[in-house]
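Worksheet: one structure, shown below.
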Amino acid sequence: MPQAAAKSASPPSDMELVTEVTNGDKRALSALFDRFHLDVYRFLARYVGRNSADIDDLVQQTFIEVARSAANFRRDSQLKTWMFGIATNVARRWLRQEARSERLKSDVASQHAIAVVAAPAERGSKIRSAIAALPEELRVTFIMCAIEEVSGADAAAVLGIPIGTVWRRMHDARKALSAALTGSPP
Amino acid sequence: MSPPCPSPLVLEQCFADGKPVAHIIECAQCRKTWDAYVEMRRELSTLEYEPPNDLAVRRVRAHILQSFDIQATTEAVSRELSSSHLVGNVAPASDRTAPDSAPRQAPGRRIVTYASIAAISAALAVAATLTIFAPLHAVQQPRSSVATQPPPPPQNAPASPLVVPRKAWRPDATVTPPSPSAVADKALPFRAIATTARAVTPPRALTRPSTFRPATTPTTSPGTPTEYTYATESLGYEPPSVRPAQLPLTTLPEPTVSASMTASEVASAPQRATANRSASNQAAAMAEPAFAPIIGPVRTASSLPTPAPEATAIAKQALPAGPSAAKAAAVRVTLTTVTERSNRTTAKRIERATEQAAKKANQKLERAERKHERALRRTKRER
Numbered sequence: 001m002p003q004a005a006a007k008s009a010s011p012p013s014d015m016e017l018v019t020e021v022t023n024g025d026k027r028a029l030s031a032l033f034d035r036f037h038l039d040v041y042r043f044l045a046r047y048v049g050r051n052s053a054d055i056d057d058l059v060q061q062t063f064i065e066v067a068r069s070a071a072n073f074r075r076d077s078q079l080k081t082w083m084f085g086i087a088t089n090v091a092r093r094w095l096r097q098e099a100r101s102e103r104l105k106s107d108v109a110s111q112h113a114i115a116v117v118a119a120p121a122e123r124g125s126k127i128r129s130a131i132a133a134l135p136e137e138l139r140v141t142f143i144m145c146a147i148e149e150v151s152g153a154d155a156a157a158v159l160g161i162p163i164g165t166v167w168r169r170m171h172d173a174r175k176a177l178s179a180a181l182t183g184s185p186p
Numbered sequence: 001m002s003p004p005c006p007s008p009l010v011l012e013q014c015f016a017d018g019k020p021v022a023h024i025i026e027c028a029q030c031r032k033t034w035d036a037y038v039e040m041r042r043e044l045s046t047l048e049y050e051p052p053n054d055l056a057v058r059r060v061r062a063h064i065l066q067s068f069d070i071q072a073t074t075e076a077v078s079r080e081l082s083s084s085h086l087v088g089n090v091a092p093a094s095d096r097t098a099p100d101s102a103p104r105q106a107p108g109r110r111i112v113t114y115a116s117i118a119a120i121s122a123a124l125a126v127a128a129t130l131t132i133f134a135p136l137h138a139v140q141q142p143r144s145s146v147a148t149q150p151p152p153p154p155q156n157a158p159a160s161p162l163v164v165p166r167k168a169w170r171p172d173a174t175v176t177p178p179s180p181s182a183v184a185d186k187a188l189p190f191r192a193i194a195t196t197a198r199a200v201t202p203p204r205a206l207t208r209p210s211t212f213r214p215a216t217t218p219t220t221s222p223g224t225p226t227e228y229t230y231a232t233e234s235l236g237y238e239p240p241s242v243r244p245a246q247l248p249l250t251t252l253p254e255p256t257v258s259a260s261m262t263a264s265e266v267a268s269a270p271q272r273a274t275a276n277r278s279a280s281n282q283a284a285a286m287a288e289p290a291f292a293p294i295i296g297p298v299r300t301a302s303s304l305p306t307p308a309p310e311a312t313a314i315a316k317q318a319l320p321a322g323p324s325a326a327k328a329a330a331v332r333v334t335l336t337t338v339t340e341r342s343n344r345t346t347a348k349r350i351e352r353a354t355e356q357a358a359k360k361a362n363q364k365l366e367r368a369e370r371k372h373e374r375a376l377r378r379t380k381r382e383r
C-alpha cells in the first residue's frame with residue numbers, strides 16, 4: 001500500500017505527459033506547461049532578445065504547437081530540446097514577420113521624411129548585445145548549446161543539421177562574441 | 001614530441017563534453033583558449049534574465065488550455081462526421097497539410113455539364129452558319145416562275161487572253177432597289193422584290209444590307225472576273241429587269257374622296273394625287289444614287305465577255321448533284337482557267353519586256369560605237 005501511494009504521488013515523466021496530451025488530457029498539458037514554461041520563456045527571451053508581451057505570445061504559440069504535434073514526438077531526444085526546436089521555429093516565423101513589418105515601417109518613415117530615432121537597446125550588458133548581433137543560425141545554436149546546455153547531438157537533431165555543423169557554428173559564435181567583447185576584429 | 005593542437009571543432013566538442021584532453025592541459029595555446037571558453041561560460045551564466053510575471057504566465061496558460069479545448073472539440077466533431085458518413089473525407093483540424101475539403105463536383109455531373117456546354121456551342125455554330133449561308137443559298141435557287149432565259153454568250157469573244165471576262169452579266173434593263181419589306185425578306189430574289197415593291201423610296205439604312213447578295217450584284221470592282229456569275233448564267237438564273245425610277249406609278253394610291261371632305265378639298269384631290277406622285281418620283285430619283293455603286297453601270301449583252309467553256313460544261317455535268325455543287329465546280333474550273341491565262345499573260349509580258357530591254361541596250365551600244373567612230377574620224381582629220 002505505501003508503495004502504491006508513493007507511485008501515485010510521484011510526478012509523471014515527460015514522456016507520460018506527452019502521451020496524455022496526445023490523448024487529449026488537459027491536465028497533462030497544464031502540467032507540461034508548469035514544468036517547462038520557464039525554460040521556454042528564457043530560451044525565447046534570449047533568442048528573440050526581448051522581454052515583453054511578444055514573448056508571452058511566442059510561449060503561447062509554442063505550447064499550442066506542442067499540444068498539436070505531441071503525437072509526432074519521436075522520443076529520440078529530450079522533451080525540453082524538442083520544445084526548444086518548436087520554439088525556434090515559432091520564433092523564426094515571428095522574426096520574419098517582424099523584419100517584414102520593420103521594413104515596411106522604415107519605408108513609410110523614409111517616404112514621409114520623418115526622422116525616426118531608434119530606441120536605445122534594452123539590453124544592458126555588452127554580451128547580450130553581442131549575442132543579439134550574431135547571425136540567426138549562430139545565435140540559436142549558441143543559445144541552445146552554450147546557455148541552455150543542450151547537448152550537441154540533440155541540438156543537431158532538433159535543428160536538422162549535422163553535428164559537425166553544430167560545433168562549427170559554436171566556434172564561429174565564440175569568435176564573434178570574443179571579438180565583440182574585446183573590441184578586436186574576429 | 002607533443003601531438004598537434006586539436007582543431008577548434010574538436011576543442012568545442014571537448015568543451016561541451018567537459019573533458020579536456022591531455023594536450024589541452026599541456027599546451028599553453030590550447031590552455032589559453034580553454035580558459036577563454038570557461039570565462040565566457042561564466043559570463044553567460046551571470047547573464048541577467050527577467051522572468052515573466054505570474055499574471056502573464058496565468059494568462060498564457062489559460063489561453064493555451066482554451067485553445068487546446070477548442071482543438072479537441074473540433075477534432076471530435078470531425079471524427080464523428082467522418083464516422084457517420086454524413087460528409088465525405090473531412091480532414092481533421094490538426095491536419096494542416098490536408099487538401100482542400102471543399103465538396104467537389106461529382107464526375108457524372110461534370111460530364112453532363114461539359115456535354116451541355118458542347119451541345120450549346122454546336123447549336124450556336126450551326127445557327128451562325130445557317131444565318132450566313134441561308135440567304136445566299138435562297139438567292140442562288142432558280143425560280144421556276146422565271147421563264148426568260150439568259151442571253152447566250154457572245155460569239156465575237158475576244159481572242160486575246162489578256163481580255164479578262166467581265167464581272168457579271170447584266171441586262172439592258174436596270175435593277176430596282178429593294179423596298180424595306182423586301183429587305184426584311186432576304187431570301188426573295190430580285191424579281192419578286194421588284195414586283196412586290198410598293199414604296200419606291202428606300203429606307204436610309206438601305207444602302208446595302210449585309211446579307212442581301214443577289215447573284216448579279218457585283219461585289220468587286222468592275223473588270224475582275226466573277227466565276228460565280230458565269231455559273232448562274234449557265235444555270236438559267238435571270239437577273240432583275242426593273243429600274244427604280246421606272247417603276248410603274250400606277251401602283252401608287254389613287255386620290256380618294258370621302259363624304260366628310262369639303263368642296264374645295266374634293267376639287268383639289270386629283271392635284272394632290274399628282275403632287276404625291278411627283279414627290280414619290282423625286283424620292284425614287286434621290287434614292288437611285290444610293291444604289292448606283294452597288295448596281296454598277298448598265299451593260300449590254302453584246303459586250304459580254306467570253307465565259308469559260310470548261311466551267312459551263314463542268315457546271316452542267318454537276319447539275320444533277322444540285323445547283324450549289326454545279327456552281328462550286330464551275331467556280332473551281334474557271335478559277336483555274338483564269339489563273340492559267342494570267343500566268344501566260346505574265347510570261348508573255350516578261351518576254352516582251354526583256355526583248356525591248358535588249359533592243360534598247362543594243363541601240364545604245366550602236367549609238368556609242370557610232371559616236372566613238374565619229375570621234376576617231378574627227379581626230380584623224382585634225383591630225
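First to last, the protein sequences are chains A and B. Numbering-wise, my numbering puts 112 at position 112 of the first sequence, and it's gapless, one number per residue. Numbering-wise, my numbering puts 303 at position 303 of the second sequence, and it's gapless, one number per residue. Built from N, CA and C at the ideal position, the CB exists for glycine as well. Since the structure is predicted, the reported quantities are computational estimates derived from the model, not experimental observations.
Contact set between residue i and chain B, taken where Cβ atoms lie within less than 9 Å
| i | result |
| --- | --- |
| A/Asp39 | By Cβ distance, chain B contributes nothing, its closest Cβ being about 11 Å from A/Asp39, past 9 Å. |
Chain-ordered neighbours of residue i on chain A, where CB pairs are closer than 7 Å
| i | result |
| --- | --- |
| B/Pro8 | His171 |
Closer than 9 Å to chain A by CB, residue i
| i | result |
| --- | --- |
| B/Val90 | Per-residue confidence for B/Val90 stands at a pLDDT of 47, beneath the threshold of 50, marking its modelled position as unreliable; the derived number appears in the next sentence. No, no contact with chain A. |
| B/Asp69 | yes |
| B/Pro4 | no |
| B/Leu11 | yes |
| B/His23 | no |
| B/Arg59 | yes |
| B/Glu50 | yes |
| B/Ala16 | yes |
Status (buried if at least 16 other CB within 10 Å, exposed otherwise) for residue i
| i | result |
| --- | --- |
| A/Gly164 | exposed |
| B/Arg204 | Reliability fails at B/Arg204, whose pLDDT of 49 lies under 50, so the model's placement of it is uncertain and the value that follows must be treated cautiously. Flag for B/Arg204 reads exposed. |
| B/Ala375 | exposed |
| A/Leu15 | The question names Leu, yet the displayed sequence has Met at residue 15 of chain A. Flag for A/Met15 reads exposed. |
| A/Asp172 | buried |
| B/Ser45 | exposed |
| A/Ser77 | buried |
| A/Lys175 | exposed |
| B/Phe68 | buried |
| B/Ile64 | buried |
| B/Ala385 | This structure does not reach residue 385 of chain B, given that chain B is present from 1 up to 383, and the question cannot be answered. |
9 Å Cβ cutoff, residue i in contact with chain B
| i | result |
| --- | --- |
| A/Asp14 | no |
| A/Trp94 | no |
| A/Phe73 | no |
| A/Arg35 | no |
| A/Lys26 | yes |
| A/Gly164 | yes |
| A/Trp167 | yes |
| A/Ser77 | no |
| A/Gln97 | no |
When the options are compared against residue i, the one with the closest alpha-carbon
| i | options | result |
| --- | --- | --- |
| A/Val166 | A/Arg27, A/Asp76, A/Ala153, A/Ala132 | A/Ala153 |
| A/Ala45 | A/Val150, A/Leu95, A/Leu104, A/Leu181 | A/Leu95 |
| A/Pro11 | A/Arg35, A/Gly24, A/Val66, A/Gly49 | A/Arg35 |
| B/Ala62 | A/Lys80, A/Arg27, A/Phe73 | A/Arg27 |
| A/Arg75 | A/Ile143, A/Val18, A/Val40 | A/Val18 |
| A/Ile64 | A/Ala99, A/Glu20, A/Phe33, A/Ile161 | A/Phe33 |
| A/Ser178 | B/Asp35, B/Arg109, B/Ala134, B/Pro52 | B/Asp35 |
| B/His23 | B/Pro3, B/Arg352, B/Leu9, B/Val38 | B/Pro3 |
| B/Val60 | A/Ser30, A/Tyr47, A/Val140 | A/Ser30 |
Length of the line joining the Cα atoms of residue i and residue j
| i | j | result |
| --- | --- | --- |
| B/Asn362 | B/Glu369 | 10 Å |
| A/Glu149 | A/Gln97 | 28 Å |
| B/Cys5 | A/Ala71 | 46 Å |
| B/Glu12 | B/Ile70 | 46 Å |
| B/Cys30 | A/Arg68 | 47 Å |
| A/Ala87 | B/Val21 | 35 Å |
| B/Phe15 | B/Gln66 | 43 Å |
| A/Ser129 | A/Thr182 | 13 Å |
| A/Phe142 | A/Gly24 | 35 Å |
| B/Ser121 | B/Ser324 | 27 Å |
| B/Thr346 | B/Lys380 | 51 Å |
| A/Arg168 | B/Lys19 | 18 Å |
| B/Lys327 | B/Thr113 | 42 Å |
| B/Ala353 | B/Arg332 | 31 Å |
| A/Val66 | B/Pro51 | 21 Å |
Chain D residues whose Cβ lies nearer than 8 Å to that of residue i
| i | result |
| --- | --- |
| B/Arg41 | Note that chain D does not occur in the displayed structure, where the protein chains are A and B. |
Interface partners of residue i on chain A, CB under 9 Å
| i | result |
| --- | --- |
| B/Ala36 | Arg174, Ser178 |
Chain B residues whose Cβ lies nearer than 7 Å to that of residue i
| i | result |
| --- | --- |
| A/Phe63 | Ile64 |
Listed by chain order, chain B residues near residue i by CB distance under 8 Å
| i | result |
| --- | --- |
| A/Asp154 | Neighbours of A/Asp154 on chain B: none; closest Cβ ~11 Å, over 8 Å. |
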